[in-house]
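Following: one structure in structure tokens, then a few remarks.
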Amino acid sequence: MPINNYIFLSLALFAIGVMGVLMRRNAIIVFMSIELMLNAVNLLMVAFSKLYGLADAQVFVFFIMVVAAAEVAVGLAIIVSMYRKVHSVDINILNRLKH
Amino acid sequence: MKPLIAAAVFGIIMMLSAVFLKEKKQASGLAILLLFLLLGVNIWALTESLQSGGVATFLFNDMLRFDPFSVWFNVILSGLALLYVLLNAKHIEVVGNHVAEYYALLFFILVGGNLLNAYNNLLILFLGIEIISIPQYILAGSDKRNLKSSEASLKYLLTGSFSTGIMLMGMALLFGAMGSFDISQFDFGADGGFNLMAIVGILFLVVSLSFKVSAAPMHFWTPDVYDGAPTTFTTIMATIVKSAVFVGFMRLFKDSFSSISPNWELVVAIITALTLLIGNITAVFQQSVKRMLAYSSIAQAGFMLFAILAVNARGMQGMVLYAVAYSVATIGMFTIVAKLRDYTYDGFNGLARREPFLAFTAAIFLLSLAGIPLTGGFFAKYYMLMSVMSQGGYLTWLVVFALLMAVVSVYYYFRVIWAMYFKAGEAELTVPVSNADRLLFGISAMIIIAIGVYPGLVMGWL
Amino acid sequence: MKDLIYLVPLLPLVGFLINGLFWKSMPKNVAAFIGNITVLGSFVIALLIFFGIKNQPGTAGTVFLFDFIHSGSLSIPFAFQVDQLSSLFMLIITGVGFLIHLYSIGYMKGDAGFVKYFAYLNLFVFAMLVLVLANNLVVMYIGWEGVGLASYLLIGFWYKNKDFSSAGKKAFIMNRIGDLGFLTGVFLTLYYFGSATYSEVFTQLAAGTTASTGVLNAIGICLFIGAMGKSAQIPLYTWLPDAMAGPTPVSALIHAATMVTAGVYLIARSHILYNMAPAAQTLIAITGVATAVFAASIALKQYDIKKVLAYSTVSQLGYMFLALGVGSYFGGIFHVLTHAFFKALLFLGAGSVIHAMGGEQDLRKMGGLGKYMRITQITFLIACLAIAGIPGFSGFFSKDEILAAAYAKNPIYYYLGLLGALMTAFYMFRIYFYIFTGKFRGTEEQKKHLHESPATMTFPLLVLAVLSIAAGYIGLPKLLAAHNSLHEYLSPVLSDFHIAHLSESTEWLLMGLTGLLVVIMIAWVYLICKKAQFKENTGLAKALEDKWYIDEIYQTVFEKPILALGRFFDRIFDRKVVDGLVNGVGRMVIWSSGRMRLLQNGQVGFYFFGMVIGIVLLMAVGLLLVH
Amino acid sequence: MLLVLLILIPLIAGIVSFAWKNSSVKVWALLSTLASSALAVMAFYAQKQGMIRFDAPWIPSLGANFSLNADGMAAVLALLTAIIYLIIFIAQWNKPLADFHRFVGLMLLSQAGITGVFLANDLLLFYFFWELALVPVYFLASTWGGEKRIPVTFKFFIYTFLGSMMMLAAIIYLYLHTDNLSFDYYSIVQAGQALGAGKQQVLFWFVFIAFAVKMPIFPFHTWQPDTYEQAAMPVTIVLSAVMVKMGLFATFKWLIPVLPQGVDFWSNAVMILCIIGIIYASILAMVQNDLKRLVAYSSIAHVGLMCLALFAQTDIANDGVMIQMFNHGINITGMWILVAMIEHRYHTRNMKELGGIATVAPVMVIALVIIAFANIALPLTNAFVGEFMLFHGIFQSANPHHILYMVLAGTGIVFGAVYTLKMVQRVAYGELANNTTVVDVKANEVIGLTIIIALILIIGVYPDIIFGIVG
Amino acid sequence: MQLHVILFWLLSAMAIGCALGVILSRNPVKSVLFLIATFFAISGHYVLMNAQFLAIVNIIVYAGAIMVLFLFVIMLMNLNTDAEPQKSRIIQMAAVVSGGALFLVVIAALKTVDQSGQNLIDASGDIGLIHQLGIALFDHYVLPFELSSVLFLSAMIGAMVIGKKEKNLNSHSNLTESK
């Protein structure tokens with residue numbers, strides 16, 4: 001498999017993640033779409049790692065996972081605390097701050 | 001290296017102290033003590049760096065690169081943090097119960113800031129940005145009785161993670177093209193398709209870093225988050241964090257990407273112009289000073305972006321000046337906002353009668369933000385504009401545009417002065433102004449004027 | 001002797017300063033004394049200088065005082081030129097000036113602004129002396145505007161009356177229009193000759209100048225525009241009749257005897273220039289004769305004594321300019337001299353009448369005053385005879401010289417001039433008869449009050465009356481005398497220009513014709529005035545009474561449109577257009593701010609869209625560049 | 001050192017005044033202005049021996065020096081500034097404003113800034129002082145004055161700041177084109193002259209707009225009548241008597257020599273603007289009822305003439321501008337003081353409600369008449385000398401239309417007479433319109449007016465007192 | 001056709017299909033499950049590229065831990081219905097167009113990238129093995145490793161600060177209701 005295929009695949013997943021971010025109203029799904037974007041990046045990293053025969057990119061993937069985990073921990077805490085107040089995870093109702 | 005370890009350790013100490021400290025005041029006291037120590041450690045590191053002749057040292061398999069600039073900038077960051085805490089301790093204490101934790105997060109932010117001015121590897125840049133961002137998500141949402149705070153936090157989290165994804169894509173593509181994460185190893189000389197990939201990667205990095213510094217069109221989060229977050233934590237976001245991220249941004253583009261600057265210069269120029277336009281114009285209509293300051297911070301980011309466009313030493317000097325002048329003034333302004341009951345312009349009415357000294361220093365802060373000579377803001381802007389104009393070409397017209405926008409900025413900054421000095425009213429303060437506050441405000445104003453008269457103080461030796 | 005020349009203007013200046021600075025505490029008699037003694041002092045010195053020059057023409061020359069403006073190539077000295085022409089004028093100014101100062105003591109006795117009055121009067125004498133003594137056009141301009149200032153102050157002397165102060169204002173502004181011409185002339189002179197000093201300019205002119213005739217004409221016309229203003233020629237004459245608002249002695253001194261002749265002096269001074277500028281000369285002659293006739297026609301139907309005298313002055317000034325225009329500079333100066341005496345006398349006489357009438361100036365309220373004030377009547381009559389040009393009186397000789405020269409130039413000038421002279425005789429005797437003969441037409445109260453004026457007032461009348469007769473004999477025509485002492489005296493500085501010699505018989509004929517017609521005219525006036533009936537004027541008479549509506553025309557053509565334009569600028573153009581544009585920019589910024597902030601609609605979804613679209617566009621731009 | 005003191009004294013005195021919360025601050029202000037006046041006179045005479053200069057390094061990395069130079073025009077204007085501030089404090093002696101110490105402090109700061117503008121020989125330093133002068137004046141004009149003062153002053157500030165920013169762009173551009181990256185006057189002049197004609201033509205407007213707004217020249221003038229009307233009298237004096245000169249002086253020093261080709265290209269356009277301004281402002285002045293607006297418009301006309309002369313670019317015009325700047329400063333100060341006195345006594349500036357003041361306040365009217373005639377350049381007053389040289393200079397100009405320009409500008413002297421005399425008449429003459437009993441003049445006013453009238457007459461009669469030293 | 005080629009296409013199809021499932025399914029629980037499936041597909045790719053350790057970690061950390069957390073939260077909020085409000089059709093179309101445009105722009109730029117055709121799917125190389133990664137991680141990348149602890153600390157503090165209920169706060173209207 002040439003690298004191009006992996007680039008296309010990864011970018012396709014990334015784009016799907018972006019679409020998900022754009023089209024969903026559920027904060028959790030949006031967040032999940034972002035995780036999808038991160039995984040697309042991970043895939044690309046691994047492909048490049050393989051291409052160059054360097055471990056660096058794979059290590060980088062570890063750190064992406066680490067950060068993703070931390071972000072998810074904080075993010076879900078925030079979503080939950082938001083849900084506690086308004087009983088919704090719909091991002092459309094987040095409009096007290098505007099203009 | 002010492003400041004980095006010190007900041008991390010102090011953060012942990014702060015975190016653990018929450019168990020022992022009963023009083024919020026004690027947490028503040030400890031934080032101030034530790035910040036003094038941190039500043040000391042930073043200055044120690046600076047003297048060492050200067051003694052060694054100012055050569056850059058690489059640490060941890062070239063993960064970090066310390067040079068006098070980064071060390072000096074770290075001194076500035078810790079100094080700003082100290083100034084911030086000294087002025088805002090009382091405001092931090094009223095945000096919530098977890099005061100010690102807030103301070104711990106502040107120290108972690110400083111760790112991230114330190115990484116951003118010393119990184120030599122994209123991974124460290126990524127980690128630095130995340131270490132800075134995650135505490136911000138938390139701080140933004142720390143006022144849990146306030147829905148706006150939670151909303152700000154969630155908005156920041158979602159948009160921030162999104163931009164992280166974009167940044168990672170950029171880094172991945174850059175790695176794909178270069179075969180390395182070490183920014184000093186990048187070689188753009190080679191031909192072929194990989195170069196194009198590198199450019200795509202760089203553009204992804206441009207937009208994602210634009211997000212972190214709140215440049216248009218990635219600025220959307222800024223007004224809402226700055227507005228919704230507790231004022232005192234907005235201060236951190238708008239000053240320490242913004243300066244640190246900018247330095248990271250600048251290092252990457254000046255040290256590493258400058259050789260292919262024609263490929264990204266136009267994009268950054270467009271971002272700069274848009275940022276200036278949106279920040280300044282939108283700020284005009286605001287009624288809330290806090291929100292105005294949020295837009296103003298977008299506008300100021302437009303000016304700071306000039307340092308990235310400039311890719312020369314003047315730009316770097318300008319960045320230091322800007323970081324100090326802008327941050328001190330903004331800390332001062334936000335602190336005053338935090339003290340007021342009413343955040344709108346009307347809330348400032350008659351402040352000059354009630355608190356003449358406070359109003360006077362506020363006027364100096366605002367003059368500095370507007371870039372009036374004799375204040376640090378002027379030289380900051382001056383260096384930025386000069387560094388970019390020396391590039392010539394269409395960038396000259398960008399400078400002219402920036403200056404026109406500076407005229408617009410005078411409108412909204414002076415409305416505050418207008419309210420303070422010329423409008424009748426009783427500006428209500430929720431947190432009283434102590435003499436220590438006055439002293440600190442005075443020192444801040446002195447710093448701004450000192451830089452405004454003699455800019456060599458902060459960048460002369462660089 | 002001429003080294004003392006600085007004292008001549010200085011003394012009145014000192015008088016002005018003393019009276020001006022201490023006006024609050026100055027007793028009236030001291031003020032009067034200071035005012036009179038300074039002018040008398042000047043007169044004595046002027047007299048000494050005059051005779052010094054007369055006896056030794058070589059002593060004429062320049063007295064340098066100090067550098068006025070000295071910058072780079074521009075050098076304007078403050079220097080006086082003491083020569084025959086200036087000393088003659090100096091004499092008229094100080095002499096007539098002194099008499100009028102003396103007269104004023106009595107005339108102004110009861111006025112609250114007595115001290116101020118003398119201060120102003122001294123100021124006028126000072127400025128007028130600077131005007132005539134100047135050795136260059138710039139210093140002359142100083143005096144030129146200085147007399148304007150004094151005139152402004154004195155016309156508006158009774159400042160509580162808005163009309164009076166308006167008259168002062170009008171006089172100053174009209175003069176300013178002329179002054180602009182004057183200044184332009186000065187700058188042209190400086191530009192083409194590098195100097196404004198007479199001697200240098202005229203030496204260059206005499207030596208053959210590089211400047212073209214066009215330039216010389218331009219300079220000449222510009223300077224003449226200045227003269228038009230000061231000497232009340234068409235079209236800038238309308239201020240002079242209004243200027244009668246001032247105290248009568250002021251009218252006598254400033255608006256008859258001296259100031260208004262400054263224009264004549266200017267042109268006589270610059271005669272070398274005008275000799276080389278034919279177009280300017282012709283313009284002067286035409287303007288002069290037109291003014292002479294036009295003003296005289298208005299004077300025919302005026303009822304205010306001073307107005308009549310004012311139009312008469314305008315008309316006589318027209319004669320002087322006619323003389324200058326046809327090249328008879330002697331004639332012009334001669335008429336200035338004689339006119340100074342008889343017109344001052346007329347005004348002072350009128351002043352005496354007005355004084356007696358308690359301020360009444362309307363002819364229709366007077367009549368038969370002769371029996372109450374004999375001296376006034378007789379002196380007034382002498383002046384009337386002089387101005388009308390009855391042979392033997394001074395006016396006859398000077399006017400004759402002018403008319404003869406005009407005839408030589410172009411007979412049309414002569415006929416028009418003659419027409420003017422006849423009208424002069426008509427209106428002068430019209431007022432003489434109305435005032436002094438017939439029955440008194442005023443109120444009983446006024447009648448009781450009628451009296452001859454005090455000695456300080458009658459003395460000047462008598463002196464002037466003598467002069468009005470005698471002055472004619474210094475300039476007798478060749479026909480009558482071998483010597484023309486005026487010509488002889490002035491000849492070092494002045495010479496007539498290309499005046500064709502008329503044959504003796506023609507000259508006799510002209511003289512006789514003028515004299516005869518004037519006498520007939522007087523007789524006719526006597527018949528008209530005997531009846532002393534005043535009806536509403538209609539038709540032409542109405543137009544004459546209303547001064548040909550010139551003031552109204554000026555108002556409609558100049559004043560009103562400019563003020564309307566001003567209001568338009570003020571209310572609409574400046575505020576709405578110019579400022580509106582400035583404010584518009586500001587409003588546009590605020591408006592766009594209001595629109596732009598709607599982008600920040602609070603919806604994270606929208607923010608994501610914004611960001612993604614932004615990224616796509618930036619990517620597209622950035623990548624397009626590479627390809 | 002003399003020059004440094006000229007700036008330092010008001011600066012330090014100003015800062016001290018802020019803390020001097022006592023009515024005796026007026027003594028302090030008077031002392032300070034007396035000291036700076038004495039120094040200014042010394043500097044004025046000292047520069048006869050040769051230009052006096054001061055140079056000290058400031059920001060070496062930028063090539064900016066603290067360099068001051070009092071050549072002819074600068075010395076005259078420094079002297080003017082010192083005298084005007086002295087007169088202001090004398091005239092204001094018995095009229096303490098609210099928060100007088102702040103007023104004094106701001107005034108003295110603005111004095112330091114304005115003096116600095118005139119003396120600076122380094123472009124960056126010049127710009128610094130340019131703004132240092134503006135900011136205190138903003139506060140002054142906004143704090144004390146009429147009802148609408150705040151928005152009006154704000155507009156003034158933004159307008160002038162726009163100019164400043166345009167100028168800043170030009171400053172950076174010029175700086176980057178100097179050989180040795182320096183702000184030094186000669187380096188800047190060299191850099192500017194070395195630029196191509198096209199660049200100079202563009203740069204011209206960047207620089208000139210700042211100055212044109214400050215002067216102001218039609219059509220950049222609309223801030224001016226409103227600001228003059230609304231500001232308190234001392235501030236109006238500062239604005240019109242000295243700040244206006246900043247624009248003219250800067251044009252003379254920092255525009256014409258620096259961008260000669262740009263100036264050549266645009267001078268005709270600017271001259272036409274000036275002429276339009278002269279006539280336009282004069283006509284506007286004729287229909288004003290408010291005394292302050294009348295004087296404001298008359299000032300636009302006068303300044304237009306000076307600017308016109310600057311662009312005539314002849315030596316005599318420049319000398320004329322120099323002396324006329326001084327004269328205009330003195331005369332308009334006198335005018336404002338009188339307007340203030342009238343307003344103080346009658347509580348109105350509307351000429352419709354005034355009249356006949358001569359009956360009750362003859363001394364004031366005498367001063368009014370003298371200053372009014374100085375305002376319309378009557379010979380033997382100072383302004384005549386100035387205007388004469390201005391017109392002469394314009395006439396000598398190499399511009400093909402020089403005669404037309406002179407004559408058109410000359411209509412200004414006719415119009416000037418119209419509105420000035422109209423003003424005198426409506427204020428001073430006629431029946432007394434207002435029966436309030438008034439004091440004629442007070443001692444401090446007499447002193448202030450005497451200084452002004454003395455200067456009017458001395459310079460008018462013997463202008464060599466200035467040319468002998470400066471020329 | 002070789003097995004790994006078939007596997008590549010199969011896994012790619014699965015990844016993209018499941019990714020689409022994530023963003024298109026109305027039920028959040030289904031979205032989570034689709035996402036887990038996607039992760040499995042991606043792990044399959046990792047295995048193909050001989051990055052076994054990462055493949056395992058991916059499944060353990062992502063699918064096992066993170067996604068469970070998501071699922072947990074969704075269940076907590078009782079969101080397992082199909083009744084979630086949707087954005088309007090137009091916005092959804094716009095989202096697809098925008099995301100597609102991003103994809104196209106980048107692909108257009110990258111389509112010419114390296115045609116060397118190096119096959120990435122082979123069992124050669126040992127960089128993906130735990131031994132190699134361990135050495136890299138704890139030797140070369142020790143600093144980031146340590147730093148990630150700071151990150152986790154702040155995340156921990158964050159979860160605690162955000163999650164914990166606030167009690168007995170002195171009321172402070174300024175902060176509760178900023179205008």
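Chains as they are written, first to last, in the working numbering: chain A, 1 to 99; chain B, 1 to 462; chain C, 1 to 627; chain D, 1 to 471; chain E, 1 to 179. The beta carbon of each residue, even a glycine, is placed where N, CA and C say it ideally should be. No experiment lies behind these values; they were computed from the predicted model shown.
- With contacts defined by Cβ atoms closer than 8 Å, G145(D) and A212(D) do not form a contacting pair.
- Partner residues in a beta bridge of I124(B), as assigned by DSSP, do not exist.
- For V63(C), the enclosing beta strand (DSSP E) starts and ends at 61 to 71.
- For D304(C), same chain residues with a beta-carbon under 8 Å away, outside a window of 5 residues either side, are M244, Q361, D362, L363 in chain order.
- Interface with chain E (8 Å Cβ-Cβ cutoff): V41(A) is excluded.
- Taking the beta carbon of K98(A) as reference, the chain C residues within 7 Å of it are Q600, N601, G602, listed in sequence order.
- Identification of chain C residues near L22(A) by a Cβ-Cβ cut-off of 9 Å yields G605, F608, F609, V612, ordered along the chain.
- The beta carbons of I188(D) and L123(D) sit about 5 Å from each other, so the pair counts as a contact at 8 Å.
- The contact set of T143(D) on chain B, defined by CB atoms closer than 8 Å, consists of Y421, F422 in chain order.
- Boundaries of the beta strand (DSSP E) around R53(D): 52 to 59.
- At a cut-off of 8 Å between C-beta atoms, S212(C) does not count as an interface residue with respect to chain D.
- At a C-beta separation below 7 Å, M596(C) has these neighbours in chain B: I278, I281, T282.
- Judged by DSSP in its simplified three-state form, I76(C) adopts strand.
- Residue-level contact by beta carbon fails for L236(C) and chain B, as no gap is shorter than 8 Å.
- Taking a Cβ-Cβ threshold of 8 Å, the residues of chain B close to H140(E) are N61, in chain order.
- Cβ contact annotation for G160(B) (same chain, cutoff 6 Å, sequence separation greater than five): S133, in chain order.
- One thing to note: L119(D) has its Cβ within 8 Å of the Cβ of L6(D).
- When Cβ-Cβ separations below 8 Å define contact, H98(B) makes contact with chain E.
- Non-local C-beta neighbours of F326(D) in its own chain, meaning closer than 6 Å and more than five positions away in sequence, comprise V76, L80, ordered along the chain.
- Counting every other CB atom within 10 Å of its CB across the protein chains shown gives G347(B) a total of 16 or more, marking it as buried.
- Cα atoms of N331(D) and A31(C): separation of roughly 31 Å, rounded to the nearest angstrom.
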